[in-house]
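First up is the structure itself, then whatever we jot down about it.
Protein chains: 2
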Amino acid sequence: MSGFDRYDKVLRLFTAQKSTWTVAEISGELGTTSSTTYRTVRELVAAGLLESTVASSFRLGPAFLEYEQLMRVTDPLVRSGAVFLETLVEQLDVPCSSFLARLYGEKVMCVAEARTPNMTLQTSYRRGRPMPILRGATSKAILATLATRPRERLVHKLADIGPEGVAELFAELQSIRKSRLSVTFGEVDTGAIGIAAPIENKPLGINASLSVVLRAEDFSEPVKARVFSLLSTNAKLIENFMDDAQSELERRSGAA
Amino acid sequence: MSGFDRYDKVLRLFTAQKSTWTVAEISGELGTTSSTTYRTVRELVAAGLLESTVASSFRLGPAFLEYEQLMRVTDPLVRSGAVFLETLVEQLDVPCSSFLARLYGEKVMCVAEARTPNMTLQTSYRRGRPMPILRGATSKAILATLATRPRERLVHKLADIGPEGVAELFAELQSIRKSRLSVTFGEVDTGAIGIAAPIENKPLGINASLSVVLRAEDFSEPVKARVFSLLSTNAKLIENFMDDAQSELERRSGAA
DNA sequence: GCAAGAATCTCATAATGCGGGAATCTTGCA
DNA sequence: TGCAAGATTCCCGCATTATGAGATTCTTGC
Chain A
1 MSGFDRYDKV LRLFTAQKST WTVAEISGEL GTTSSTTYRT VRELVAAGLL
51 ESTVASSFRL GPAFLEYEQL MRVTDPLVRS GAVFLETLVE QLDVPCSSFL
101 ARLYGEKVMC VAEARTPNMT LQTSYRRGRP MPILRGATSK AILATLATRP
151 RERLVHKLAD IGPEGVAELF AELQSIRKSR LSVTFGEVDT GAIGIAAPIE
201 NKPLGINASL SVVLRAEDFS EPVKARVFSL LSTNAKLIEN FMDDAQSELE
251 RRSGAA
Chain B
257 MSGFDRYDKV LRLFTAQKST WTVAEISGEL GTTSSTTYRT VRELVAAGLL
307 ESTVASSFRL GPAFLEYEQL MRVTDPLVRS GAVFLETLVE QLDVPCSSFL
357 ARLYGEKVMC VAEARTPNMT LQTSYRRGRP MPILRGATSK AILATLATRP
407 RERLVHKLAD IGPEGVAELF AELQSIRKSR LSVTFGEVDT GAIGIAAPIE
457 NKPLGINASL SVVLRAEDFS EPVKARVFSL LSTNAKLIEN FMDDAQSELE
507 RRSGAA
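Taken in sequence, the protein lines are chains A and B. Numbered per the working numbering, the first sequence finishes at 256, counting up by one with no gaps. Numbered per the working numbering, the second sequence finishes at 512, counting up by one with no gaps.
If you want it as C-alpha cells, here you go:
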C-alpha cells in the first residue's frame with residue numbers, strides 16, 4: 001500500500017452500514033498490524049477526518065463538515081444549486097424533486113437538491129450519494145455530453161446489457177445530445193419519471209445535469225411542457241452563472 | 257513533512273478566500289518541488305478529495321460531499337440535529353436560529369442548524385464553520401462541561417484577557433456547569449443574544465451544546481422562560497437520543 | 001505546426017513507514 | 001483500592017517509499 005491509499009483504504013471502510021470501526025477490525029480488514037493501524041488512525045484523528053468514540057472504535061470526523069461547508073461556499077456547481085433549485089421547483093408547481101448532479105469517477109453524484117413540500121415520493125438520488133451512471137435521466141444526461149472517448153469507455157465497461165442493448169443506449173444518448181433533454185420512466189425508482197437537461201462547462205471541466213423527478217400520474221401534458229421549458233432555461237442559466245462565478249474568481253485573484 | 261501531514265497541508269490551503277490553487281502556488285506555499293506537488297495532488301484527485309479545473313488549478317473534490325452525507329446518516333449528534341432542531345425553533349415561536357455545536361480541536365463547530373423563516377439576523381455560527389471556543393454562549397456551554405484538565409489548558413492557551421479576566425471566565429464556567437445554561441449578550445454578533453445548554457455523552461466522547469440565538473429586542477421575560485425551558489428539555493432529549501442510537505448500533509452489530 | 005507551459009517519468013539518495021514485541025496507559029470490575 | 005484485560009504507544013532494524021532535479025512527453029492556444 002502506498003501514498004494516500006493507506007489513508008483512503010481506511011476512510012472507505014466507513015459506510016452507512018458500518019459507521020464505526022475498531023482498530024482490530026480495520027487491521028483485520030486491511031491485513032495490517034495493529035501497530036500500523038494505530039499510527040494511521042492517529043494521523044487521521046489529528047487531521048479531524050476520524051474521531052474516537054466509545055468502545056475504542058472510531059467514526060468519521062468533523063473535518064468533513066468543514067470541507068463540505070467550504071464547498072458549499074466556493075464550488076460553482078454547488079452554489080448554482082443553492083441559487084436556482086428552490087425557485088425551479090416552485091415554478092414547476094407540481095410535487096417534485098430537483099437535482100444538480102455531476103460525474104464522480106465512474107458514478108454520478110447529486111451535489112444539490114430541492115423538493116416541493118408536498119413531494120411524497122422517495123427518490124434514490126440524494127445529495128452526496130453516488131449513483132450508477134447508466135440508468136436514470138439524471139445520469140444519462142451527463143453521460144450523453146461526455147467526450148466520445150470516456151463515454152464509450154464507461155458504457156463498455158459498465159453495461160451488462162448485451163451488444164444490442166449497448167447500441168440502443170448509444171442511440172438514446174445521441175438523441176439526448178440533440179434534444180438536450182433526457183426522459184426516463186421508472187428506471188431508478190418505480191412510479192417515478194425523471195427528466196434531465198445536461199449542463200456543460202468545458203473550461204471548468206464540469207459535466208453535470210439538472211433534473212426533475214415526479215410521480216408518473218402527475219406527468220400531464222401541461223406539466224410536461226412546463227418541465228421541459230423550465231429545465232432547458234434553467235440549465236442555460238446555470239451554465240452562465242458558473243461562467244460568471246469563474247470570471248469573478250479570476251477578477252478577484254487578479255486584483256489580489 | 258511526514259505521513260498524513262503532507263496531504264493535510266495541501267488540503268488546508270483551500271479556503272473560502274482562496275478556493276482554487278495551481279500546482280505552482282502550492283509548491284510555493286509549501287516549499288516543495290513541482291514534481292512532488294504533482295504527485296501529491298494526483299493522489300488526492302484519485303481519491304476524490306481534489307479535482308482539476310480550468311487553468312491547471314485544483315479545487316476541493318466531491319468526496320467531501322460523499323463523506324458529509326455519510327455523517328448526516330450515521331453521526332449521532334448530526335442526526336440529533338435533524339430530529340430536534342426544526343421542532344425546537346417552531347415551539348420557540350420567536351425569530352431565532354438554533355444550533356448544535358461541538359468541540360473540534362481548539363475550536364467549536366456547529367454541526368446542525370435550524371432557523372425560523374422570519375429570522376433576519378445574520379449569525380456568525382454556521383454549520384461546518386469553526387468558531388472560537390472562549391466567546392459566545394454556544395462555546396462557553398461546551399467549554400464549561402469539559403474535563404478540568406483540557407478546560408484549563410484551553411483557557412490558559414487561548415485567553416488573552418489577563419489574569420483577572422481568566423478568573424472571571426472560570427467563575428462564569430462554573431456557574432454554567434451548575435445552572436446548565438449559558439447566556440451571553442452580543443459576544444459574537446452585536447445585537448444578538450445567545451442562550452445555550454450543554455450536552456454531554458461521556459461514553460460517546462461527545463461534548464456539545466444546544467443553543468438559540470435571537471435579537472436582543474425579542475428577549476422578553478416570557479420568551480426567556482420559554483427558551484430556558486425548551487433548551488433544557490431538548491438538551492436532555494438529545495442526550496437520550498444519542499444513547500438510544502448507540503444502543504441500536506450495538507444491537508445491530510451484535511446481531512450481525 | 002509550433003511553442004510554452006502542464007504533467008509525467010527516471011533515478012539515486014534520503015527519509016519514512018512497517019512489523020514484532022515490549023512498555024505504558026485506561027478502564028471495568030471485584 | 002487494586003488488579004487484570006485491553007487499548008494504545010513506543011522502540012528499532014529493515015524494507016519500502018517519497019523526494020528533488022532534470023529530461024521527457026503531453027496539451028493547448030495561436
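Where is the CB? At the ideal position from N, CA and C, for every residue including glycine.
The beta carbon of THR372 of chain B does not come within 8 angstroms of any beta carbon belonging to chain A, so the residue lies off that interface. For GLN325 of chain B, the nearest CB of chain A lies under 8 angstroms from its own CB, placing it at the interface with that chain. Taking a Cβ-Cβ threshold of 9 angstroms, the residues of chain B close to THR53 of chain A are PRO332, PRO459, LEU460, GLY461, ILE462, GLN502, in chain order.
When the Cα atoms are used, ALA225 of chain A and MET242 of chain A turn out to be separated by approximately 26 angstroms. Within the DSSP bridge table, the entry for ALA208 of chain A names A:ARG102, A:ILE199 as partners. Nearest to PRO478 of chain B by C-alpha distance, out of B:ASP349, B:ASP331, B:LEU326, B:PRO419, is B:ASP349. Listed in chain order, the beta strand (DSSP E) elements of length 3 or more contained wholly in the stretch 320-387 of chain B are 352-360, 363-371.
In this structure, GLU424 of chain B keeps its C-beta atom at 8 angstroms or more from the C-beta atom of ARG391 of chain B. The continuous stretches of alpha helix (DSSP H) do not include LEU306 of chain B, which lies in the beta strand (DSSP E) extending over residues 306-309. The beta carbon of PRO332 of chain B lies closer than 6 angstroms to those of MET498, ALA501 in the same chain, with the five residues before and after it left out. Counting the other CB atoms within 10 Å of its CB gives ILE398 of chain B a total of 16 or more, which places it among the buried residues.
Look at GLY450 of chain B here: in three-state DSSP terms it is strand.
For TYR294 of chain B, the nearest beta carbon of chain A is not closer than 8 angstroms to its own beta carbon. For VAL166 of chain A, the enclosing alpha helix (DSSP H) stretches over residues 162-179. At a beta-carbon threshold of 7 angstroms, the residues of chain B lying near PRO130 of chain A are GLU322, ordered along the chain. Of A:GLU106, A:ALA24, A:ARG115, A:LEU100, the smallest CA-CA separation from THR37 of chain A is found for A:ALA24. Counted as a single uninterrupted DSSP element, the alpha helix (DSSP H) harbouring THR138 of chain A occupies residues 137-144.
In the three-state reduction of the DSSP assignment, VAL155 of chain A falls in the helix class.
Classified as buried, SER97 of chain A has 16 or more neighbouring CB atoms from the shown chains inside 10 Å of its CB. Per DSSP, the unbroken alpha helix (DSSP H) holding THR37 of chain A starts and ends at 34-46. Below 8 angstroms, too few C-beta pairs join the stretch 151-162 of chain A and the stretch 112-126 of chain A to call them touching: fewer than three.
Taking 8 angstroms as the Cβ-Cβ cut-off, the stretch 89-110 of chain A approaches chain B at ARG102, TYR104, GLY105, MET109, given in chain order.
Judged by beta-carbon spacing, ALA112 of chain A lies within the 8 angstroms limit of ARG127 of chain A, meaning their Cβ atoms are closer than that value. Taking 8 angstroms as the cut-off, the Cβ atoms of PRO95 of chain A and ARG215 of chain A count as close. In this structure the stretch 64-76 of chain A does not touch the stretch 169-187 of chain A; the number of beta carbon pairs closer than 8 angstroms is below three. Listed in chain order, the positions of the stretch 426-460 of chain B with a beta carbon within less than 8 angstroms of a beta carbon of chain A are PRO459, LEU460.
At a cut-off of 8 angstroms, the C-beta of PRO62 of chain A has a neighbouring C-beta in chain B.
Of all alpha-carbon atoms in B:GLY461, B:ILE451, B:LEU305, the one lying nearest the alpha-carbon of VAL468 of chain B is that of B:ILE451. In terms of beta-carbon proximity, PHE219 of chain A stays away from the interface with chain B, with every pair separated by 8 angstroms or more.
Exposure of LYS458 of chain B is indicated by the presence of fewer than 16 other C-beta atoms within 10 angstroms of its C-beta. Between ASN496 of chain B and PHE340 of chain B, the C-beta spacing is not below 8 angstroms.
For THR15 of chain A, the closest of A:ARG102, A:LEU60, A:LEU30 by C-alpha to C-alpha distance is A:LEU60. The beta carbon of LEU231 of chain A sits no closer than 8 angstroms to any beta carbon of chain B. The Cβ atoms of TRP21 of chain A and SER57 of chain A sit closer than 8 angstroms to each other. For SER182 of chain A, the uninterrupted beta strand (DSSP E) segment begins and ends at 182-185. For ARG59 of chain A, the closest Cβ of chain B is nearer than 8 angstroms.
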